[in-house]
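Below is one structure; the comments refer to it alone.
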Amino acid sequence: MNLYKTPKWIRKRIVILKRDEYMCRECKRYGKTTAATTVHHVIPVEKDLKLAFVNNNLLSLCASCHDAMHDRITNELTALGSLWVTRLGLSPHLEK
Ligand SMILES: [Zn+2]
Numbered sequence: 001m002n003l004y005k006t007p008k009w010i011r012k013r014i015v016i017l018k019r020d021e022y023m024c025r026e027c028k029r030y031g032k033t034t035a036a037t038t039v040h041h042v043i044p045v046e047k048d049l050k051l052a053f054v055n056n057n058l059l060s061l062c063a064s065c066h067d068a069m070h071d072r073i074t075n076e077l078t079a080l081g082s083l084w085v086t087r088l089g090l091s092p093h094l095e096k
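Taking my numbering as reference, the numbering of the sequence shown is continuous, increasing by one, and the terminal residue is 96.
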């Protein structure tokens, strides 16, 4: 099953984009206003499926910032991707 095709995700994605005023949160750190096109899982779904729909784990990004969060080869989080995990105070081993 593809999470990104589920009605639950499609609704959640819109909630997060609205929360972030449809702007890229990473660009915003530098005072740039760029339209967000992607909702990023700060802690990837593969690492913790329980965080897939948790608002604090979701971040609106533009395509180029989203690319910068994941290694193109391994798909692991980059240093920038890991920085957001810290910034948002998230833990991949959080049990809820
Ligand atoms: Zn951006």
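All residues carry an ideal CB built from backbone N, CA and C; glycine is no exception.
DSSP state of V45, grouped into three classes? Correct three-state label for V45: coil.
How would you label S91, buried or exposed, when you count the other beta carbons within 10 angstroms and need 16 or more for buried? So S91 ends up on the exposed side.
On a Cα-Cα basis, can you pick out the residue from A68, R29 and L77 that is closest to E46? The shortest Cα separation from E46 among A68, R29 and L77 belongs to L77.
Going by C-alpha distance, which of N56, P7, H41 and D20 is nearest G81? Among N56, P7, H41 and D20, the Cα nearest to that of G81 is on H41.
Just how far apart, CA to CA, sit A63 and Y22? Taking the straight line from one Cα to the other gives about 13 angstroms.
Spatial neighbours of K12 within its chain, please: CB distance less than 6 angstroms, with the 5 preceding and 5 following residues excluded, ordered by chain position. The residues are F53.
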